[in-house]
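So for the sequence shown, our numbering puts the first residue at 731; every next one is plus one.
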Amino acid sequence: MSAVLEADHLTRVFSRGLFNKVENVAVNDISLRVDDDNPSITVIAGESGSGKTTLASMLLGFMRPTRGEIRYRGRDIHSLKGDDWREFRRNVQPIFQDPFEVFNPVYRVDRILTQPAQLYGIADSEDEAHEMVEDALRQVGLRPAETLRRFPHQLSGGQRQRITVARAFLLKPKVIVADEPVSMIDASLRATVLESLRALKTELGISIIYITHDLTTAYQVGDSIYVLYRGSVVEAGNVENVVQQPSHPYTQLLMGSIPVPDPRVPWGDDLSPISSGDQRDVAVTGCAFAPRCPHAFDRCEDDPPHYRLDDDRAVKCFLYEDRPITDLESMLSKNTTSPI
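Right under this line is the structure:
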């Protein structure tokens, strides 16, 4: 089965300082693939600073990896030129967290939607383009008569976000990289956008890389999941198994951060205490999560490998060192319906 988009051992290192250079590994040795004939929704989850957006920027070609390679239909995306680059840009589309930052405030919404239709030649006439735009807006719960002819500042954050989803729907790419697509949308409208994303997969065969810190929405839309901590994959597998039975202490922390709608259940009371404070700038040798982990022990001074828990899940934690060590890349090649 061929891959439309493939990341091979991506690593991105940022450095600061002139003489005493300090390096920050934002993304650490991540591999994933999106198959051409098997549309799926792959979730990239983690807290702020875990490397999610840096990974998305590399997948979209906005940022070069320090090590590793991103391939589109088998070719390094940074070697693509002319029509090949144009094809990549149409077939791998972004949805950004804050659409107001990418909208040109001097143009009306109409141009934001019709320009891609004209640029990529997806409509034979202006009337057809207009009909396609109106249909795309309805797909994300917007009324064309109340949306078109307006400037971005005249719309709410949720409306602007849904317009970016409509734009992606309009182009019908092979892959959408969606960075926190519902973070600026009211809870009452999130279901509409999430359902639109699922429809893109089921009805149009579009694969989605869904980036979020919210495991509840990940569970709603995802097929498989990567959980990132300080740039590394600490747990990966089928989203239902990972969310319902989290194995890595960090995944358990993320699940414990979700309030239970029951006043009798204290928030996070079912978890062992996790060290507080932001540990992202702490120099760590060995397990990156050890400074916050309630289960840390001497073995954690080494960097753990990934241990295979079952056919579609792996965990980077010494608590499971009785399980077989696995290589994520080899598991990926054997089971292309999951991220490992």
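For glycine and all other residues, C-beta sits at the position ideal for the given N, C-alpha and C.
Subject >> Counterpart residues of Phe-744 in DSSP-defined beta bridges >> reply: Asn-754
**OP:** Pick out whichever of Glu-856, His-883 and Ile-893 has its Cα sitting closest to the Cα of Phe-874.
**Re:** Rather than Phe, the amino acid found at residue 874 in this sequence is Pro. Looking only at Glu-856, His-883 and Ile-893, the smallest Cα-Cα distance to Pro-874 is reached by Ile-893.
Original post:
Are three or more beta carbon pairs between the segment 792 to 804 and the segment 967 to 984 nearer than 8 angstroms?
Top reply: no
Subject >> Three-state secondary structure assigned by DSSP to Val-822 >> reply: strand
Subject >> 6 angstroms CB neighbourhood of Asp-759 in its chain, flanking five on each side removed >> reply: His-739 and Thr-741
Original post:
On the premise that Val-905 lies in contact with Ser-937, defined as a C-beta separation below 8 angstroms, what is that separation, rounded to the nearest angstrom?
Top reply: 5 angstroms
Original post:
Taking the alpha-carbon positions, what's the Gly-887 to Ala-737 distance?
Top reply: 32 angstroms
Original post:
Relative to the alpha-carbon of Leu-872, which residue among Glu-910, Ala-847 and Leu-919 has its alpha-carbon at the smallest distance?
Top reply: Measuring from the Cα of Leu-872, the nearest candidate turns out to be Leu-919.
Original post:
What are the boundary residues of the beta strand (DSSP E) that Glu-1031 is part of?
Top reply: Counting along the chain, Glu-1031 falls outside any beta strand (DSSP E), and DSSP gives it neither H nor E.
Original post:
Is Ile-955 near Ala-908, with beta carbons less than 8 angstroms apart?
Top reply: no
Original post:
In whole angstroms, what separates the C-alpha of Lys-811 from that of Ser-745?
Top reply: 29 angstroms
Subject >> Outcome for Glu-965 when other beta-carbon atoms lying within 10 angstroms are tallied against a minimum of 16 >> reply: buried
Original post:
Between the C-alpha atoms of Gly-781 and Asp-865, what's the straight-line distance to the nearest angstrom?
Top reply: Between Gly-781 and Asp-865, the C-alpha separation is close to 35 angstroms.
Original post:
Which residue's Cα is closest to the Cα of Arg-1038: Ala-1020, Leu-1058 and Phe-1019?
Top reply: Leu-1058
Subject >> C-beta atoms of Pro-769 and Lys-931 nearer than 8 angstroms >> reply: yes
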